[in-house]
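A.B. asks:
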Amino acid sequence: MQLPPFELERFFAQYEFSARYLLCSSDSESLAIGDLLALEPEARDSIQKHWLGYTESQGSFSLREEISRLYRTIQPEQVLVCSGAEEAIFLFMNAALQSGDRVVVHSPCYQSLEAVARGIGCEVAGWKAHEENGWALDLDELRGQLRPATRAVVINTPHNPTGYLMRREEFGEVIRFVQDHGIIIFSDEVYRESEYDPADRLPMACDLSERAVSLGVMSKTYGLPGLRIGWIATHNAELYDRMARFKDYTTICNSAPSEFLAELGLRHRQQLVERNLAIIARNLSVLDDFFARHADRFSWIRPHAGPIAFPRLLGKQVDSFCHDLFTAAGVLLLPGSVYGDRENHLRIGFGRENLPEAVARLEGFLQVQSS
Ligand SMILES: Cc1ncc(COP(=O)(O)O)c(C=O)c1O
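Next comes the structure, spelled out in structure tokens:
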């Protein structure tokens, strides 16, 4: 399999650990292990005794049980725990697709959602989000993208990088439409539970369709990316088995301490979600004010979920702007070019505590530039 460089990861490899202010992260503020252990009185003692042998390949039963509680119809046997959402994407694509298949992917997208399929030899078609329509998708365009060879449709909502959240009717319609065509839907739901209004929360695709595969992770809404725990949930037993067998060649099983900590985090996920949503809400109001003050420099479509958005930079070239900002102010924004975007967007992330300080620095940089 030929895989191109993962542009976003290469960009972060260059800047992430030297930037003072990460103003483009897609995860929420994280915690220390001690903070997580403090959520239960006996947790510290339990982790000391936690066995460091190989774990059950599909994930420990108790963790899968905890994950299955997130869903309406999913049993622990229908959950496959992986090393992050990234491994789950890799397993799904390799288990479900063959060279020559066609895959329709919500675009722009987190690169592995299309690059792995391409690497397998699939024909990948984009299903484009429309900025002029608040980053909505058009179902008629999906209809136009289907061909006899179409094997899977990949969607991601809440969406990276735009923060777009499908409306409930729209989501249901997409799932029904794809299912009626006998196509697998791969639904990347890693930003679920980060809706600003809980009434907007969508059901999970795997609860709506036997053919759907839902993707979840500890990294984003719960703010625990260092655990590297993600999962697949699906009623599709045949596909589940193929993914599980492929995992024997990737990681075999998950990290035992991470499984322990993920289970603990999930038992207290309400608390983690509330904390992270409070940070996001405060930061969003800082950004609303910032973008109102700088409407001549940026377009701003306010998202409805998640810790990221995809504003457009007006009047300057975005790659050099991001580079100069990093050099002058130590603030990291992500140029849309890492998503193959040619329309001068950038990804801004607002899940971190220090956002007000980062925005103040960005504003100082803009003032120097315009003086
Ligand atoms: C939409 C989407 N899917 C999957 C992933 C991979 O998640 P993880 O890094 O936890 O493996 C990311 C990470 O940014 C993402 O944004």
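Counting from -8, one number per residue, gives the positions in the sequence shown under our numbering. Just so it is clear, CB atoms sit at the ideal spot from N, CA and C, and this is done for glycine as well.
1. Please list the terminal residues of the continuous alpha helix (DSSP H) segment that includes Ala143.
2. Using the rule of at least 16 other Cβ atoms within 10 Å of the residue's Cβ for burial, across every protein chain shown, is Ser53 buried or exposed?
3. Using the beta carbon as the reference atom, which residues fall closer than 6 Å to any heavy atom of ligand 1, ordered along the chain?
4. Run through DSSP, which three-state label would Ile175 get?
5. Below 8 Å between beta carbons: does that hold for Ile376 and Ser17?
6. Using a threshold of 7 Å, is the CB atom of Gln102 nearer than that to any non-hydrogen atom of ligand 3?
7. Excluding five sequence neighbours on each side, which residues of the same chain lie with their C-beta closer than 6 Å to the C-beta of Ile220?
8. Measuring alpha carbon to alpha carbon, tell me which of Leu88, Cys113, Ile111 and Glu105 ends up nearest Lys119.
9. Starting from Glu354, trace the alpha helix (DSSP H) in both directions and tell me its first and last residue.
10. Where Arg260 and Leu27 are concerned, what is the direct C-alpha to C-alpha distance, given to the nearest angstrom?
11. Residues in its own chain within less than 7 Å of Ser290 by CB, not counting five upstream and five downstream?
12. Hey, how far is the Cα of Val350 from the Cα of Arg192?
13. Go through its chain and collect everything with a Cβ distance to Asn274's Cβ below 6 Å, but skip five positions before and after it.
14. Look at the alpha carbon of Phe81 and the alpha carbon of Pro149, and state the distance between them as a whole number of angstroms.
15. Please classify Phe256: does DSSP put it in a helix, a strand, or coil?
16. Applying the 10 Å Cβ sphere with the 16-neighbour rule, what's the burial state of Gly207?
17. What is the rounded straight-line gap between the Cα of Leu215 and the Cα of Leu255?
18. Look at the Cβ atom of Ser74, then the Cβ atom of Pro67, and state whether they are nearer than 8 Å.
19. If I measure Cβ to Cβ from Gly391 and keep anything under 7 Å in the same chain, skipping five residues before and after, which residues do I get?
20. I'd like the list of long-range same chain contacts for Asn85, defined as Cβ closer than 6 Å, with 5 residues on each side in sequence excluded.
21. Taking the alpha helix (DSSP H) that Cys313 falls in, what are its first and last residues?
22. Do Ala10 and Gly355 have their CB atoms nearer than 8 Å?
23. So, under 8 Å CB-CB, Asp131 and His121 are touching, yes? Tell me the CB distance rounded to an integer number of Å.
24. Count the other CB atoms within 10 Å of the CB of His336; is the residue buried (16 or more) or exposed (fewer)?
25. Compare the Cα-Cα distances from Gln369 to each of Phe2, Arg233, Tyr12 and Leu22 and report the closest residue.
26. State the start and end residues of the unbroken alpha helix (DSSP H) segment that holds Lys238.
27. Give me the DSSP bridge partner(s) of Glu57.
28. So within the stretch 10 to 58, which uninterrupted alpha helix (DSSP H) runs reach at least 4 residues, ignoring any that extend past its ends?
29. Is the CB-CB distance between Leu13 and Glu20 below 8 Å?
30. How far does the beta strand (DSSP E) with Gly207 in it reach, from first residue to last?
31. Quick one: using the 10 Å Cβ neighbour count with 16 as the cut-off for buried, is Gln49 buried or exposed?
32. Quick check: what's the CA-CA separation for His226 versus Cys197?
33. Quick check: Gly91 and Gln(-7), are their CB atoms within less than 8 Å of each other?
34. In the DSSP assignment, what residue or residues form a beta bridge with Phe341?
35. Between Asp332 and Arg142, what straight-line distance do the alpha-carbon atoms span, to the nearest angstrom?
C.D. replies: The answer reads as follows:
1. For Ala143, no alpha helix (DSSP H) segment is defined; the enclosing uninterrupted segment is the beta strand (DSSP E) at Thr141 to Asn147.
2. exposed
3. Ser17, Gly75, Ala76, Glu77, Tyr101, Asn147, Asn151, Asp179, Val181, Val208, Ser210, Pro216 and Gly221
4. In this structure, DSSP gives Ile175 an extended state, which the three-state scheme calls strand.
5. The question about residue 376 has no answer, for the chain in this structure spans -8 to 362.
6. Ligand 3 is absent from the structure shown, which contains only ligand 1.
7. Excluding sequence positions up to five before and after Ile220, its CB lies within less than 6 Å of the CB of Met209, Ser249 and Ala253, all in the same chain and listed in chain order.
8. Glu105
9. Leu346 to Ser361
10. The alpha-carbon atoms of Arg260 and Leu27 are separated by roughly 11 Å.
11. Answer for Ser290: Pro302, Arg303 and Leu305, listed in chain order.
12. Roughly 29 Å separates the two Cα atoms.
13. The residues are Phe341 and Leu346.
14. Cα to Cα, Phe81 sits roughly 20 Å from Pro149.
15. Reading the sequence as shown, one finds Gly at residue 256 and not Phe. The DSSP-derived three-state label of Gly256 is helix.
16. buried
17. 11 Å
18. no
19. With the chain covering only -8 through 362, there is no way to say anything about residue 391.
20. Phe237
21. Val309 to Ala320
22. no
23. Incorrect: roughly 12 Å between the Cβ atoms, too far for contact.
24. buried
25. This structure leaves residue 369 out entirely; the chain is present only between -8 and 362.
26. Its alpha helix (DSSP H) spans residues Ala228 to Lys238.
27. Paired residues: none, contrary to the question.
28. 24 to 28 and 34 to 40
29. Going by beta carbons, Leu13 and Glu20 fall outside the 8 Å limit.
30. Ala203 to Val208
31. By the 16-neighbour rule on beta-carbons within 10 angstroms, Gln49 is buried.
32. Between the alpha carbons of His226 and Cys197 lies a distance of about 7 Å.
33. no
34. DSSP lists no partner for Phe341.
35. Their backbone Cα atoms lie some 26 Å apart in a straight line.
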